[in-house]
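Top to bottom, those sequences are chains A and B. Okay, so the first sequence: first residue is 103 according to our numbering, each after it adds one. Okay, so the second sequence: first residue is 479 according to our numbering, each after it adds one. Report on the structure given below.
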Amino acid sequence: MSSQVEARPIRPRRLRIPLHTQQAIMGYLFISPWIVGFLVFLAYPLVQSFWLSFNNLENLVNFQIKYIGLANYIEAFLIDVRFLPMLYTVVRNSFIDVPLIIVFSLFTAIVVNQKLPGQGIFRSIFFLPVVISSGLVVRELFGQYQAETGGSPIVRGIDVPTVILLVGPEFARTVFDLINRLALVLWRTGVQILLFLAGLQGISSTLYEAARVDGASEWEKFWKITLPMISPIILLVAIYTIVDSFTDIFNPILDYIKNLAFAGQFRMGYAAALGWIYFVVVFLMMGLVFWIGQRHTFYAGER
Amino acid sequence: MAQIAEELRVKARREGLKLAWKGRLQSWVGKAFIYLVLFDISFVFLSPVIYMVTTSLKTVADVLDPTIYWVPSGFNLDNFTLSWKALKYFPTWSAIQQAWTSGGIVALYTLLKTESAFFRSTIIAVLAAIGQVISCSLVGYGFARTKFPGREALFLLAMFTFLVPPQTIIIPLFIVYKQLHWIDTYRPFIVPAFFANGLRGAIFIFIFRQFFRGLPWELEDAARIDGAGWLTMYWRVMLPLAKPAIVVSFLFSLVWHWNDYFEPAIYLMNQENFTLPLRLSIFWTALNEVTGGQASRFFNEPLIMAASFLVIVPPLILYVFTQRLFVESVERTGLVE
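Here you go:
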């Protein structure tokens, strides 16, 4: 076997771009769709909306605006009697719903993560809310109409003992409301269960084996292994749940801003101001969640 | 001496057996409990759907009959035919044939576009999902696999966009779209999707970035030695491996766009262009236009349930066929590491 080495002349390069510069250029090219999209579909509207919130829309046809200073914000806080209660409701609901959703979805994920025959079927059922997340359909199912005709299907299905009706209609109503609310909250957990499930499967089984050798009970394993290992995902789920609630059909701010800006008076300046107040409030809320999360989140190894 | 040893042995065996039985009993009780919990949670998720289906088959007489709750008296499909018409779900076969013979594909498209909410919803959801998968996979690859100044900051910024409520930016967007004459077209949903934005675009960037980060670097080294450029590497080496991430992103994007209500409610003003959820929101008016009646919600729950079911049935069918992919892919994308 004779090996023949071809003597190939080295081609002289006119322009030699160092590899890391090349890489940087390619990197910017790869993310360029997002940069353009971010500037056009997010940064610009965000700034524009901020500017609009200090103006009043004078003419709808050519979108002529007039600067009115802080008047929109003053109106939101001092004159509008509907907005602040709505904002309060939204914030309060988040504080109630987020922990409920975290606990329920974590619990469901742990249960469905057990190696048992038939759990594939249960998994498929638990992700149904991901598919049927159409707000309007959910409203038809759980909505206020049914409250008048004896509760939503879920309440009637649970067979609340009729004794509570004897205690008094007010009490019965509260119980129905509570169950209805709970059912609604549970219906918002599809993605969260998925996230927790993926997180649970990422926990190395050697940890559990070591704990078993040391004689830890299931209860101890949950508190000492599962919970710390999954804490980053708890933070993720909390943020996702808050973001998910922005466009939730039961979010009163959604309809309020929509109707202000696009129905009747077309008060776009005022609606933009409300949008910004809402943004700041939810942003502070998420900041709080992050702050709490950072203190209690356990990161395994370096990340 | 031997007797004592024998006695001890017997005793130990008895104790051991007892312990074994205890353990078995415990695990039995544990399993039964877990199944009980699983059935309970399933009930929460399944009962509204079952209720929706059974109610949609009821007649008005069934609604008024207090003895009928879960099982309707007969198999009555009238509610579906009526809701089908009120939702403008899909034109009749004869109308399709007529359009085809009179004007070919153009007439057919016009017919579907104006007469089928199902068609409009499908177009928006499918095109937007394709756009988000293409653009977000590119961007995710860029963030995961190339190094450039400001990468971390830009990625943080991309994640930050997820936190901005659509309420805050929708008004300027509406004004821009209005000036571009995009209102009452599909473009406000599809164009941002192709620029890695749109409905929850940040999530898909995140999914792809996490996935690509988990792949071994040797792949790229090998490909580069073979002379592959950056695009070849992305297209030929990385993308084929990213099937789980593609599947998850596509399915989620599709379902979210299908179910979206807020943005279509603002960008689509003409009822001719409404998507299925929007048609559902004007259901009673549309129904009365079809029947010339004065129907309202009272005693007509079967109708709205039939309509709701028709709206969710396409994603539901999709889910039945892809639920394995849904569940497995999320686990394989390394979404949460």
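No residue lacks a Cβ here, since even glycine has one placed at the ideal position from N, Cα and C. Being a predicted model, the structure only gives us computed values, none of them experimental.
Query	Result
DSSP three-state assignment for K721/B, whether helix, strand or coil	helix
Residues in the stretch 644-657 of chain B having any Cβ partner in chain A nearer than 7 angstroms	P644, Q645, T646, I647, I649, P650, L651, I653
Start-to-end residues for the beta strand (DSSP E) that takes in Q166/A	166-169
Simplified DSSP assignment, three categories, for N766/B	helix
C-beta atoms of I332/A and G292/A nearer than 9 angstroms	no
Residue(s) in a DSSP beta bridge with N161/A	Q166/A
Cα-Cα separation between L238/A and E630/B, rounded to whole angstroms	38 angstroms
Which of helix, strand or coil DSSP assigns to S599/B	helix
F517/B classed as buried or exposed, judged by whether at least 16 other C-beta atoms fall within 10 angstroms	exposed
Distance between beta carbons of I344/A and V384/A, contact taken as under 8 angstroms	6 angstroms
Cβ-heavy atom distance, S561/B to the ligand SAH, below 8 angstroms	For the ligand SAH, the structure offers nothing, since it holds no ligand at all.
CB of A671/B within 9 angstroms of CB of L717/B, strictly	no
Beta carbon proximity, H122/A to chain B, threshold 9 angstroms	yes
Touch test, the stretch 191-205 of chain A against the stretch 485-493 of chain B, Cβ-Cβ under 8 angstroms, three pairs minimum	no
Neighbouring residues, chain A, relative to L781/B (Cβ below 7 angstroms)	What L781/B touches in chain A: nothing, since even the nearest Cβ is about 11 angstroms away.
Within-9 angstroms CB hit, M103/A to chain B	Note that M103/A has pLDDT 45, beneath the 50 cutoff, so the model's placement of it is unreliable and no number is given.
Closer than 7 angstroms at the beta carbon, the chain B residues around M370/A	I649
Residues of the stretch 565-578 of chain B whose Cβ lies closer than 8 angstroms to any Cβ of chain A, in chain order	none
Residues of its chain near F799/B, where Cβ-Cβ distance is below 6 angstroms and the 5 sequence neighbours each way are ignored	none
Distance between beta carbons of F621/B and R687/B, contact taken as under 8 angstroms	5 angstroms
Span of the alpha helix (DSSP H), counted from its first residue to its last, around F682/B	679-691
Member of F132/A, E242/A, L329/A, P354/A whose CA lies at the smallest distance from the CA of S615/B	F132/A
Contacting residues, own chain, Cβ-Cβ under 8 angstroms from M387/A (five flanking each side not counted)	V193, S196, I344
Close Cβ partners of F740/B (< 7 angstroms) along its chain, the five nearest in sequence each way excluded	P644
Any C-beta of chain B under 9 angstroms from that of M188/A	no
Amino acids of chain B, ordered along the chain, whose beta-carbon sits closer than 8 angstroms to that of F228/A	I519, S520, F523
Beta-carbon separation (whole angstroms), I760/B vs Q749/B, contact threshold 8 angstroms	7 angstroms
Beta-carbon proximity of A764/B to L565/B, cut-off 9 angstroms	yes
Cα-Cα separation between T559/B and N157/A, rounded to whole angstroms	49 angstroms
Coil, strand or helix - D738/B by DSSP	coil
C-beta atoms of L337/A and G395/A nearer than 9 angstroms	yes
N- and C-terminal bounds of the alpha helix (DSSP H) containing E322/A	320-323
DSSP state of P792/B mapped onto helix, strand, coil	helix
Close-in-space but distant-in-sequence residues of the same chain around Q303/A (CB under 8 angstroms, 5 per side omitted)	N215
Residues within the stretch 696-716 of chain B neighbouring chain A, beta-carbon criterion of under 7 angstroms	W708
For A674/B, the nearest candidate out of I648/B, I612/B, L514/B (CA to CA)	I612/B
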